[in-house]
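Participant:
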Amino acid sequence: MQPTRGWLESFRDAFRHNAVKQFMRFFVVGILGFLVNAGVVGIVSRFAGPLVAQVFAFPAAVTVTWWLNRRYTFGASRYAAHHEWMRYVLANALGWAANNGMYFYLVLHFSLAYRHPTLAVAAGSIAGMLLNFTGAKFLVFHKN
Numbered sequence: 126m127q128p129t130r131g132w133l134e135s136f137r138d139a140f141r142h143n144a145v146k147q148f149m150r151f152f153v154v155g156i157l158g159f160l161v162n163a164g165v166v167g168i169v170s171r172f173a174g175p176l177v178a179q180v181f182a183f184p185a186a187v188t189v190t191w192w193l194n195r196r197y198t199f200g201a202s203r204y205a206a207h208h209e210w211m212r213y214v215l216a217n218a219l220g221w222a223a224n225n226g227m228y229f230y231l232v233l234h235f236s237l238a239y240r241h242p243t244l245a246v247a248a249g250s251i252a253g254m255l256l257n258f259t260g261a262k263f264l265v266f267h268k269n
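Just so we're aligned, residue 126 is where the sequence shown starts under the numbering used here, counting upward by one.
#1: Specify the secondary structure class of F266 as computed by DSSP and reduced to three states.
#2: In terms of alpha-carbon separation, which member of V165, V187, T188 and A186 lies closest to V177?
#3: Using a 10 Å radius around the Cβ and a threshold of 16 neighbouring Cβ atoms, would you call F159 buried or exposed?
#4: Within the chosen definition, does the stretch 220–227 reach the stretch 248–260 through at least 3 CB pairs nearer than 8 angstroms?
#5: Would you say A173 touches the ligand FAD, meaning its beta carbon is less than 7 angstroms from a heavy atom?
#6: Give the list of continuous alpha helix (DSSP H) stretches no shorter than 4 residues that lie fully inside the stretch 208–256.
#7: Tell me the residue span of the alpha helix (DSSP H) that contains T190.
#8: By how many angstroms is the C-alpha of R196 removed from the C-alpha of P175?
#9: Within a Cβ cutoff of 7 angstroms, which residues of the same chain sit near T198, ignoring the five residues on either side of it in sequence?
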């Protein structure tokens, strides 16, 4: 009788699966995108205020994450680079809407989220990340 596999072996097998590797890379790229966004906001807001700063920061972060995901996470798609970038921006706009939609829904309907909005930020971030990953994988960087 063979002993059952441990959780570590199961985790290793799951990590070897391509979609899990892509998701982990996507997650790391997202962190780098956050740093770009925060960095641009930090610099530009000193001169132009935080609202104007985000007008510059979001496109910078989206462009950096598009390039990194194209290079390291998914590879180039069958589209020309500028078309691929536009599809990526649209996919990220859907993720942005999901992120903010989840945030506002939780804050407006659950007193715990209203008292601790960071919980709603986390839930919204997860919703947005999952939608952005799905959009990037199947709408932007698909190969067929």
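Even for Gly, the Cβ is constructed at its ideal location relative to N, Cα and C.
If you're wondering where the values come from, they're calculated on a predicted model, not measured in any experiment.
Facilitator: So, from the data block:
#1: coil
#2: V165
#3: exposed
#4: yes
#5: Because no ligand of any kind appears in the structure shown, any question about the ligand FAD cannot be addressed here.
#6: 236–240
#7: P175 to L193
#8: 31 angstroms
#9: Q147, R150, F151 and V154
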